[in-house]
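Student:
Number of protein chains: 2
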Amino acid sequence: MIRLTKQADYGILLMTQFARAGMGAVFSASDLASRSGLSLPMVNKTLKLLSRAGLLSSQRGVNGGYQMSRDAGAITLEEVIAAVDGPIALTECHEHGAGNDCGISSHCPTRLNWGIINDALRDSLAGITLLQMIRPFLGAKSLPARERVA
Amino acid sequence: MIRLTKQADYGILLMTQFARAGMGAVFSASDLASRSGLSLPMVNKTLKLLSRAGLLSSQRGVNGGYQMSRDAGAITLEEVIAAVDGPIALTECHEHGAGNDCGISSHCPTRLNWGIINDALRDSLAGITLLQMIRPFLGAKSLPARERVA
DNA sequence: TCCATACAGAACCATTTCGGTTCTATTTTA
DNA sequence: TAAAATAGAACCGAAATGGTTCTGTATGGA
Ligand code: FES
Ligand code: FES
Chain V
1 MIRLTKQADY GILLMTQFAR AGMGAVFSAS DLASRSGLSL PMVNKTLKLL SRAGLLSSQR
61 GVNGGYQMSR DAGAITLEEV IAAVDGPIAL TECHEHGAGN DCGISSHCPT RLNWGIINDA
121 LRDSLAGITL LQMIRPFLGA KSLPARERVA
Chain F
151 MIRLTKQADY GILLMTQFAR AGMGAVFSAS DLASRSGLSL PMVNKTLKLL SRAGLLSSQR
211 GVNGGYQMSR DAGAITLEEV IAAVDGPIAL TECHEHGAGN DCGISSHCPT RLNWGIINDA
271 LRDSLAGITL LQMIRPFLGA KSLPARERVA
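Going down the list, the protein sequences come from chains V and F.
Here the first sequence is numbered in our numbering, starting from 1 and rising by one per residue.
Here the second sequence is numbered in our numbering, starting from 151 and rising by one per residue.
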């Protein structure tokens, strides 16, 4: 169903908590678990992924925690989703990198088009920052102009 | 990874076969299996779904088969995907219809925005017809203007 | 010093979904 | 009436997902 995984959704939810608190705010995993209503293990797991991807920086030990490593306006949905779920690829053939043959590529007349559609989706998500996510697109029925698929 | 299921991909592949042959062309499941390189059972299964959704009309019995029930220019990717995989919904909360609570909705400040993003994706796919799919967007690095996310 | 706090990393498991096959009707026509 | 062809559903193994648990390491304070 072209569905985002739950964990990716959690990732965005967590990142928005940081975004709302503003640059420099530090939260521990347990802080975020209670704030978000998610289970602590899941929060831990997800924060680690976000940290590994460089979206959060971490501090161990007493009074440690996580904070945004960039401003909320400089972090996009595409990055968050890729950090948690891996690269965005509607079909297997369009994953950048490894053995990307879906098995039917020799008969598939639409591969090039899929690539373009895939890029359009990725660009669309790459055009939306956390800063924009924390405020509803007031009254909008569509994405703001500069966020349109290019 | 925001991935299309293989079966939805197969559905598009099969529909493009009809589109290339033009309105009125009739194919049996076994015809399409050999043409597409997919297994017969899988082709059967997928064609049934496309037929149930009204994109193909079927004729049983000897010399029967399937044909497009509309012109290729009037069938969109969104319809094909929805026919095979169900409605397009990036997160559970945005499925039209049944119990669409993802469990974290009370803490989720981004629900409205997701709805908009989701609609943008759906509209994007709804703007691409089979007729367009069977010819590469020649030289294009992005979708044609009228297919842009609205 | 030493312990509690908090992240890092990986293994682990149950459940669901997915990809694919098989079986049994029902319709149609030669 | 037999063969061709779709309709529908059940079925199964494999993979992905969601979620937990365990071990290790760094930090800072009592
Ligand atoms: S989907 Fe793989 S080549 Fe068409
Ligand atoms: S994802 Fe369900 S409400 Fe935000």
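For every residue, glycine included, the Cβ atom is placed at its ideal position computed from N, Cα and C.
Residues of chain V with CB under 8 Å from Ile225(F), in chain order?
Tutor: Correct list: empty, because the minimum Cβ distance to chain V is about 14 Å.
Student: Starting from the beta carbon of Ser207(F), find every residue of chain V whose beta carbon is closer than 7 Å, and list them in chain order.
Tutor: Per Cβ cutoff of 7 Å: no residues; Ser207(F) is ~23 Å from chain V at best.
Student: Quick one: which chain V residues come within Cβ less than 8 Å of Ser219(F)?
Tutor: Near Ser219(F) there are no residues of chain V at all, since even the closest Cβ is about 21 Å away, more than 8 Å.
Student: Any chance the segment 116 to 131 of chain V sits against the segment 192 to 206 of chain F, with 3 or more Cβ pairs inside 8 Å?
Tutor: Short answer: they don't touch.
Student: Have a look at Gly223(F) and Asn194(F) and give me their C-alpha separation to the nearest angstrom.
Tutor: Cα to Cα, Gly223(F) sits roughly 24 Å from Asn194(F).
Student: Do you know how far the Cα of Ile117(V) is from the Cα of Ser28(V)?
Tutor: Rounded to whole angstroms, Ser28(V) to Ile117(V) spans 38 Å at the Cα level.
Student: Do we get a CB-CB distance below 9 Å when we pair Leu271(F) with the residues of chain V?
Tutor: Taking Cβ atoms only, chain V reaches closer than 9 Å to Leu271(F), which makes this a yes.
Student: Roughly how many angstroms lie between the CA atoms of Ile254(F) and Arg35(V), to the nearest whole one?
Tutor: Bear in mind that the predicted position of Ile254(F) carries a pLDDT of just 49, short of 50, making it unreliable; the figure below should be weighed with that in mind. If I take the Cα positions, the gap works out to 11 Å.
Student: For Met165(F), which of helix, strand or coil comes out of DSSP?
Tutor: Helix.
Student: Quick one: is Leu288(F) buried, meaning 16 or more other Cβ sit within 10 Å of its Cβ, or exposed?
Tutor: At Leu288(F), the pLDDT of 46 sits below 50, so the modelled position is not reliable; the number obtained from the coordinates is stated separately. So Leu288(F) counts as exposed.
Student: Out of Asn213(F), Tyr160(F) and Asp273(F), which has the shortest C-alpha to C-alpha gap to Leu200(F)?
Tutor: Nearest of Asn213(F), Tyr160(F) and Asp273(F) to Leu200(F), Cα basis: Tyr160(F).
Student: Show which residues of chain V have a CB atom less than 8 Å away from the CB atom of Ser189(F).
Tutor: In chain order: nothing, as chain V lies at least about 11 Å away.
Student: Taking the Cβ atom as the reference point for each residue, do Leu275(F) and Ile238(F) lie within a distance shorter than 9 Å?
Tutor: A contact, by the Cβ cut-off of 9 Å.
Student: Which residues in the same chain have their Cβ closer than 8 Å to the Cβ of Thr16(V), if we skip the five residues on either side of it in sequence?
Tutor: Cβ neighbours of Thr16(V) beyond the five flanking positions: Leu130, Met133 and Ile134.
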